[in-house]
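Under our numbering, the first residue of the sequence shown carries the number 606, and numbering increases by one thereafter.
For glycine and all other residues, C-beta sits at the position ideal for the given N, C-alpha and C.
Structure first, then comments.
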Amino acid sequence: MLDSTSKRILFHTGNKGKFLEASELMMSRGIRLELLSVLKPGIRVIEPQMNAFNEVATSKLRQVLEQIGDEFDDDWIMVEDSGLLIDELGGFPGPYSSYVYSRIGPNGILRLMDGVGTRNARYTASLSVWNGSEIQSFEGFCEGIIALEPKGDQGFGYDPIFIPIEGDGRTFSEMTKFEKSRLSHRANALNILSDAMLVPSI
Ligand code: IMP
């Protein structure tokens, strides 16, 4: 367990949106997130084709750990895998969210959903964390519906077309980072992680 003066996690991600959201939320809990790629450039991670987000995240974390050796022995290391699952599309794009986003984007998803009445979806975020002695996984979810048209200019990825059920009808892209963090899959997973980190050691 970390002591209260060394609460820092090195986050390996190529997604700036994820990093900004996560670091702002963790900062509010007294935990500093740093981009591992800034401290150690050149880490290469191959995204495995697996169906479970936690398996993908753990595989990516193992690849990172192999490449950093014992260089950051006193730090926690984190990797995240996340995605959007749409019920009427059988959970698509799911683990392929990043690839699908780069090929067809939110507008392509809206085209696939053309005429579909039931628009239930959820975001999932799975964190894999090395705490110095073992790998732990933390998962968060956010239920929502796919909007009829994109709205807003905040956030990233599929945020312009995702309306969280627990919100007020706005898409995530119409919310501030702070508002999104009260509801998001990533925030839910990070809250569980920060609770685990902040438990005083006996
Ligand atoms: P990966 O975790 O790097 O495989 O990427 C997950 C992909 O899912 C991202 O590139 C986004 O397209 C999407 N995604 C995950 N979380 C969010 C979110 O909070 N907002 C919008 N899109 C997201």
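Closest Cα partner of residue i within the set the options
i: L690; options: I751, A726, I651; result: A726
i: I651; options: T776, D758, V669, S778; result: V669
i: R649; options: E671, L630, S628; result: E671
i: D678; options: M632, R613, F658; result: R613
i: R724; options: R667, E784, F767; result: F767
Between the CA atoms of residue j and residue i - distance to the nearest angstrom
i: G745; j: K756; result: 24 Å
i: K782; j: E626; result: 7 Å
i: E748; j: S702; result: 16 Å
i: A662; j: P765; result: 25 Å
i: A730; j: F743; result: 8 Å
i: L732; j: D675; result: 21 Å
i: L795; j: N712; result: 29 Å
i: S664; j: D686; result: 10 Å
Minimum Cβ-Cβ distance from residue i to chain C less than 8 Å
i: K645; result: Judged by its chain identifiers, the structure shown contains no chain C, having just a single protein chain.
Exposure of residue i, with buried meaning 16 or more beta-carbon neighbours within 10 Å
i: V684; result: buried
i: M718; result: buried
i: L644; result: exposed
i: M780; result: buried
i: D680; result: buried
i: N656; result: exposed
i: Y704; result: exposed
Residue i CB to nearest heavy atom of the ligand FMN below 7 Å
i: T776; result: Absence of the ligand FMN is noted for the structure shown, with the ligand IMP being the only ligands found.
### Query
Where the beta carbon is closer than 5 Å to any heavy atom of the ligand IMP, which residues qualify, in chain order?
D686, S687, G688, S702, S703, Y706, G762, Y763, D764
#### Entry: Ordered list of beta strand (DSSP E) runs contained in the stretch 714–738, each at least 3 residues
725–735
### In chain order, each alpha helix (DSSP H) run of at least 4 residues that lies wholly inside the stretch 611–651
621–632, 641–644
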